[in-house]
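Q: I have a structure I would like to understand better, so I am pasting it below and will then ask my questions one at a time.
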Amino acid sequence: MLVIPPVMKCLKKLTGIKGAFRTRIAYVVQTNGGQFPYELRVSDYDGYNQFVVHRSPQPLMSPAWSPDGSKLAYVTFESGRSALVIQTLANGAVRQVASFPRHNGAPAFSPDGSKLAFALSKTGSLNLYVMDLASGQIRQVTDGRSNNTEPTWFPDSQNLAFTSDQAGRPQVYKVNINGGAPQRITWEGSQNQDADVSSDGKFMVMVSSNGGQQHIAKQDLATGGRTSSVVHVPG
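Below, the structure is given as structure tokens:
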């Protein structure tokens, strides 16, 4: 999906940051036929200066930028099952991060660029893991029978917001990667998911559902207060 200029006004209203989205975007395109029908592409925010990062005969998913814009983490199925990789844009070098049985997905670079969070289901349910990119060491952050996915970082690179169904329906929780029990941080709406924390750590946006309608909502993380619906999401 391309972010086009009219949408910029909504995004500015949502975040309060002028020009926050006037940068490059990464996205996956499925072409018609051919040996490599799936393409990971990068372009300017308005769709210009587009180029192909990677072509694949199998699906590509969930591209995520490194903080300095030099790398992309994404999911590939080229080995016959899902795998997480990091690709350097300058030279095309690919580093495999995780290729465990079942699901490997939802990559997210920490703001300081030293870690990558992701979701694995190698033990059954989806849980969050963090890799130290320098050492390659992986540690498990969440545990249990619930599904925990869609990690996004707080600016301190020590805490994650994520989606979990441990209360029945998807809601957003916060957890410290060094230990401790997750804390639920969304209480309004029947479902809340796919969160993103602002760069100053004061606000969070998410896809919220209530009465069968989806919209993007903004929450004050200090007070828990929620703004009115900002952008409605078609069903």
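If you're matching positions, the sequence shown starts at 7 in my numbering and goes up one per residue.
The beta carbon of each residue, even a glycine, is placed where N, CA and C say it ideally should be.
By Cβ distance, which residues of its chain are closer than 6 Å to Val-100, with the 5 residues on each side in sequence left out?
A: One-based indexing of the sequence shown puts residue 100 at position 94. Same-chain partners within the cutoff: Val-91, Gln-93.
Q: Closest by CA to Asp-50, which one among Trp-159, Ala-32, Phe-209, Ala-114?
A: Walking along the sequence shown from the start, residue 50 turns up at place 44. Of the candidates Trp-159, Ala-32, Phe-209, Ala-114, the one whose C-alpha sits nearest the C-alpha of Asp-50 is Ala-32.
Q: I'd like to check one pair, Ala-173 with Glu-194: are the Cβ atoms closer than 9 Å?
A: For the purposes of this step, residue 194 is identified with residue 188 of the sequence shown, where counting begins at 1. For the purposes of this step, residue 173 is identified with residue 167 of the sequence shown, where counting begins at 1. No, they are not a contact pair.
Q: Cutting at 8 Å between CB atoms, please list the residues of its own chain near Ser-265, excluding the five before and the five after it.
A: Outside the modelled stretch of the chain, which goes from 7 to 241, sits residue 265, for which no answer is possible.
Q: Three-state secondary structure (DSSP) at Gly-218?
A: Start at 1 with the first residue of the sequence shown, and residue 218 comes out as number 212. It is coil, neither helix nor strand.
Q: Going by the beta-carbon positions, is the gap between Phe-42 and Val-48 smaller than 9 Å?
A: Here the question's residue 42 lines up with position 36 in the sequence shown. Here the question's residue 48 lines up with position 42 in the sequence shown. No, they are not a contact pair.
Q: Per the contact definition of three or more C-beta pairs closer than 8 Å, is the segment 148-164 in contact with the segment 112-130?
A: As far as the Cβ criterion goes, the segment 112-130 touches the segment 148-164, which means the pair count is three or higher.
Q: Output needed for Val-59: all residues of its chain with C-beta closer than 6 Å, excluding positions within five of it in sequence on either side, in chain order.
A: Here residue 59 refers to the residue found at position 53 when the sequence shown is read from its first residue. Cβ neighbours of Val-59 beyond the five flanking positions: Leu-46, Val-48.
Q: On the CB-based measure, 16 or more other CB atoms within 10 Å of its CB, does Gly-231 come out buried or exposed?
A: The residue given as residue 231 occupies position 225 in the sequence shown. So Gly-231 ends up on the exposed side.
Q: CB-CB under 6 Å to Gln-171, same chain, minus the five flanking residues each way: which ones, in chain order?
A: Walking along the sequence shown from the start, residue 171 turns up at place 165. The residue you asked about is not Gln; residue 171 is Asp in the sequence shown. So the qualifying residues of the chain are Ser-152, Asn-153.
Q: When you compare each of Val-34, Asp-52, Arg-61 to Gly-40 by their alpha carbons, which one comes out closest?
A: As a working note, residue 40 is residue 34 in the sequence shown. Out of Val-34, Asp-52, Arg-61, Arg-61 has the C-alpha closest to the C-alpha of Gly-40.
Q: May I have the straight-line CA-CA distance separating Ala-201 from Asn-38, to the nearest angstrom?
A: Indexing the sequence shown from 1 puts residue 201 at position 195. Indexing the sequence shown from 1 puts residue 38 at position 32. Looking at the two C-alpha atoms, the distance is approximately 32 Å.
Q: Taking C-alpha atoms, which residue in Gln-177, Asn-216, Phe-160, Val-213 lies nearest to Asp-206?
A: Against the sequence shown, residue 206 aligns to sequence position 200. Closest option to Asp-206, Cα to Cα, is Phe-160.
Q: Bridge partners for Asn-184 per DSSP, in chain order?
A: The count along the sequence shown starts at 1 and reaches residue 184 at position 178. Beta-bridge pairing links Asn-184 to no other residue.
Q: Which whole-angstrom value describes the C-beta separation of Val-147 and Gly-111, a residue pair presumed to lie in contact below a C-beta threshold of 8 Å?
A: As a position in the sequence shown, residue 147 is number 141, starting the count at 1. As a position in the sequence shown, residue 111 is number 105, starting the count at 1. Actually they do not touch by this definition, with Cβ atoms about 15 Å apart.
Q: Comparing C-alpha positions only, which one of Pro-73, Arg-30, Pro-113 sits nearest to Asp-52?
A: Translated into the one-based positions of the sequence shown, residue 52 becomes position 46. For Asp-52, the nearest C-alpha among the options comes from Arg-30.
Q: Give the single residue among Lys-180, Phe-83, Val-35, Pro-113 whose Cα lies nearest to the Cα of Pro-73.
A: As a working note, residue 73 is residue 67 in the sequence shown. Comparing Cα positions, the closest option is Pro-113.
Q: Along the chain, which unbroken stretches of the alpha helix (DSSP H) at least 4 residues long are found entirely within the segment 94-177?
A: If we require 4 residues or more, the segment 94-177 turns out to have no alpha helix (DSSP H) run fully inside it.
Q: Excluding sequence positions up to five away, which residues of its chain have a Cβ less than 8 Å from the Cβ of Lys-227?
A: By 1-based counting over the sequence shown, the position of residue 227 is 221. As written in the sequence, residue 227 is Leu, which differs from the Lys given in the question. Once the five neighbours on either side are set aside, the close Cβ partners of Leu-227 are Ile-191, Val-203, Gly-207, Lys-208, Phe-209, Met-210.
Q: Between Gln-189 and the rest of its own chain, which residues show a CB-CB distance below 8 Å, the 5 nearest in sequence each way excluded?
A: The residue given as residue 189 occupies position 183 in the sequence shown. Excluding sequence neighbours, Gln-189 sits near Tyr-179, Lys-180, Val-181.
Q: Going by Cα to Cα distance, which pick from Gln-225, Thr-229, Asn-198 is closest to Ser-214?
A: Here the question's residue 214 lines up with position 208 in the sequence shown. Looking at the Cα atoms, Asn-198 is the closest of the given residues.
Q: For Leu-95, which option in Phe-106, Gly-75, Arg-87 has the closest C-alpha, if you only look at C-alpha atoms?
A: To locate residue 95, count along the sequence shown from 1; it is residue 89. Comparing Cα-Cα distances from Leu-95 to each of Phe-106, Gly-75, Arg-87, the minimum goes to Gly-75.
Q: By DSSP's criteria, Thr-82 is part of a beta bridge. Which residues make up the other side?
A: Here residue 82 is taken as the residue at index 76 of the sequence shown, counted from 1. DSSP output for Thr-82 lists Leu-66, Ala-89 as bridge partner(s).
Q: Would you kindly check if the distance between the Cβ of Val-103 and the Cβ of Ala-125 is under 9 Å?
A: Your numbering for residue 125 matches position 119 in the sequence shown. Your numbering for residue 103 matches position 97 in the sequence shown. No, the pair does not count as a contact, with Cβ atoms beyond the cut-off.
Q: Measure the Cβ-Cβ separation of Thr-233 and Gln-225 and say whether it is below 9 Å.
A: As a first step, residue 233 is located in the sequence shown; it is residue number 227 there, counting from the start. As a first step, residue 225 is located in the sequence shown; it is residue number 219 there, counting from the start. Contact flag set, yes.
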